[in-house]
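Q:
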Amino acid sequence: MSTLKLVQILDDNAPDFKYSGGQWTLSTLVQWYQQTSNYPAFVTATQFGSFSLTFQGTSIAFIGNTPPEPSSQTALVSIDGGAPSEITYPGTPPAYIQWYQSPTLSEGIHSITVSRIDGTAVDYALIEVGQDTPLSGKTIVVDDDDPAIQYAGSWIRDTDEFDAGSLPDGFPLRNGTHRTSKVGDTVTFRFFGTSYAVYGIFSWENLGLLSATYTLDGSSTAQSYPVTKSSPQFVKGDKEAVNLQYFSQDGLPPGEHLLIINVTQSQDVLYILDYITYTPSFSTLSTMPSLGNNTIISSGGSGISTLSALLSTSSTTSATGLPQRPAKGKTSHVGPIAGGIVGAVVVLAALAVTLLLIRRRQKKPARFGMHSDYSASVSAGQPVAPVHQAGDRQQLNGAISPFRHDTNPSPIGSAESPVGFKKKRFNSSAPISNTPPLPTSVVTSQTGTNIALSAIGSTEIDSTTPPSNRDSNPPAYDSVSTLRRSNLPP
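In the UniProt record's numbering, the protein residues as written are 1 to 490.
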């Protein structure tokens, strides 16, 4: 039996989510996973939002924006029909975070209801699957810290919150990313599936150009991500966009695949990897095949390629993760000289990434309440457990308690913070219209297939909401950014 853990990612706009309490608003910004996020803009002092979800697995978590004060920073959660329990959001609001994590549940079908929602947004859910959870048609998410993702070169792991500009700041999936600015740095990922997508954080703050190639089972596609003076996001002052889809590919033959991401150009723009998703070609975790060591065999391919052959372009990776040139001939001085040169290049590349990070942080005001202590408190590869930690089930009046602890720790940080500046921008922002689209760039694969990148101005569904009795309304998330990006078929 497999000891691996798999996590399903479920978009907020999936039919599994049942929203109630009023007409929820659908925000369609590129910052949201699958470019959608639902939130109850209709709430008043007496009317709140709620949603329910039936899922199959052993735990569930929700990610999205928490509302700015004075909106309530609490909600009620009921699991499998149990008595509702109050939860308190972590961090300094507003923030893009994982705002709930359930306890560990028995494997099977469960229901969860979240009510008394005062403007909190839902972007996606994370569901840990059981050994026999059906996986047909589901999407598996693999965090950048997962050992299934391998790095070669000068990648740096970063655990700071991202700077979203006008939108709430927050933390990426599992509180960390891997980033680099060195040409030639690579990522390898092996999986059994029929599609995949690569997600990360992209910064519009600096003029520059980022390019990478995506090689699947030996077939490569090039992709470029320019930031120019005419880029609408640069003009508007947008900063870091989380959940940005760098690249995706569908319609793969079922079986084992090898993906290699190679950074080919980085001019003042970092390649920041957050997570990779894929559609599994196996039915359950217990029937997941074992990945091979070096051989990739695709049922739709014409031959067999090896991992070593695909990676042996100019360097190999040592046990320390640093690239080293292979020794040539029998000259005893080649190894030390090559090692010194490669070492110097690696140091310079790491220094360049560090300087970019320092420059970004110097431009960003300190934010109270959500800082490195928050992200460092969560071990790598583990789900965020805000306020109420996930754990074994507790019985409460014969029902499952949503938490391991009954006490409510105080919210992290102080309410007095520079985040108030963002609240003012939320409340004063007017909807943007007639936003110029992102310039379309065309890339060509080895087979000559053109892939277009386009942008669509975002919209809000249900723009008419009941008047509010509150002093301030929930944030109109779509009033501060309009970028959408997708990979279009040829």
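For each residue, glycine too, the CB sits at the ideal point set by N, CA and C.
#1: Our contact map puts T186 next to I272 with C-beta atoms below 8 angstroms; I'd like the distance itself, whole angstroms only.
#2: Taking only the alpha-carbon atoms, compute the straight-line gap between Q98 and Q249 and give it to the nearest angstrom.
#3: Express the C-alpha separation of T228 and residue 494 in angstroms, rounding to a whole number.
#4: Tell me, to the nearest whole angstrom, how far the beta carbon of I109 is from that of Q8; I am working on the premise that it is less than 8 angstroms.
#5: Just mark T92 as buried or exposed, buried being the case when its beta carbon has 16 or more other beta carbons within 10 Å.
#6: For the alpha helix (DSSP H) that contains residue 579, what are its first and last residues?
#7: Using alpha carbons as the reference points, say which of S283, S290 and P289 lies closest to L138.
#8: For P254 and G193, what's the separation of their Cα atoms in angstroms?
#9: If Y275 sits next to D143, beta carbons under 8 angstroms apart, how far is it from one beta carbon to the other, in whole angstroms?
#10: Locate the beta strand (DSSP E) running through Y199, then write down its first and last residues.
#11: Are the CB atoms of G62 and Y33 nearer to each other than 8 angstroms?
#12: Does the region 70-82 come close enough to the region 103-122 that 3 or more CB-CB pairs lie under 8 angstroms?
#13: Looking at T133 and E161, is the spacing between their C-beta atoms short of 8 angstroms?
#14: Considering only the alpha carbon of each residue, which of P232, G208, A95 and T213 lies closest to V198?
#15: Considering only their Cβ atoms, is the gap separating I117 from S50 smaller than 8 angstroms?
#16: Quick check: the region 231-238 against the region 169-182, are there 3 or more CB pairs under 8 angstroms?
#17: Excluding the 5 residues preceding and the 5 following S281 in the sequence, name in chain order all residues of the same chain whose CB lies nearer than 6 angstroms to its CB.
#18: If we call anything under 8 angstroms between Cβ atoms a contact, is A148 one with Q31?
#19: Look at P94 and P68 and say whether their C-beta atoms are less than 8 angstroms apart.
#20: Alpha carbon to alpha carbon, how far is D123 from L26?
#21: CA-CA distance, A152 and T221?
#22: In three-state terms, what does DSSP make of T25?
#23: What do you reckon, are the CB atoms on E240 and S203 nearer than 8 angstroms?
#24: Would you say A125 and L53 are within 8 angstroms of each other, going by their C-beta atoms?
#25: In terms of DSSP beta bridges, what is E128 paired with?
#26: Q34 by DSSP, collapsed to three states: which one?
#27: Less than 8 angstroms separating the beta-carbons of T264 and S211?
#28: Nearest-angstrom Cα distance between S181 and S230?
#29: Kindly indicate the opening and closing residues of the beta strand (DSSP E) around P93.
#30: DSSP three-state label for T287, please.
#31: Under DSSP, the beta strand (DSSP E) around F247 begins and ends at which residues?
#32: If you compare alpha carbons, which of Q131, P103, Q223 and V183 is closest to L285?
#33: Please report the Cβ distance between H257 and L216, rounded to the nearest whole angstrom; I am assuming they are in contact, meaning their Cβ atoms lie under 8 angstroms.
#34: Count the other CB atoms, across all protein chains shown, that sit within 10 Å of the CB of S85; report buried if there are 16 or more and exposed otherwise.
#35: Label R157 either buried or exposed according to how many other C-beta atoms from any shown protein chain fall within 10 Å of its C-beta, with 16 as the threshold for buried.
A: Checking against the coordinates, here is how it stands:
#1: Not a contact, Cβ separation roughly 15 angstroms.
#2: 27 angstroms
#3: The structure shown has nothing for residue 494, since the chain only spans 1 to 490.
#4: Not really, about 14 angstroms apart at Cβ, beyond 8 angstroms.
#5: buried
#6: The chain is shown from 1 up to 490; residue 579 falls before or after that span and cannot be answered.
#7: Note that residue 138 corresponds to Lys in the displayed sequence, not to Leu. Among S283, S290 and P289, the Cα nearest to that of K138 belongs to S283.
#8: 6 angstroms
#9: So it is a contact: roughly 5 angstroms between Cβ atoms.
#10: Start and end: T186 to S203.
#11: According to the sequence displayed, residue 62 carries Phe and not Gly. For F62 and Y33, no; Cβs fall outside 8 angstroms.
#12: yes
#13: Contact: no.
#14: T213
#15: yes
#16: no
#17: For S281, where only same-chain residues beyond five positions count, the Cβ hits under 6 angstroms are F192, G193, T194 and P254.
#18: Against a cut-off of 8 angstroms, the Cβ pair of Q31 and A148 comes out as no contact.
#19: yes
#20: 10 angstroms
#21: 20 angstroms
#22: strand
#23: yes
#24: Cβ distance < 8 angstroms, so A125 and L53 count as in contact.
#25: V7 and S59
#26: helix
#27: yes
#28: If you draw a straight line from the Cα of S181 to the Cα of S230, it comes to about 23 angstroms.
#29: Note, P93: premise wrong, no beta strand (DSSP E); not H, not E.
#30: helix
#31: E240 to Q249
#32: Q131
#33: 6 angstroms
#34: Per the 10 Å Cβ criterion, buried.
#35: exposed
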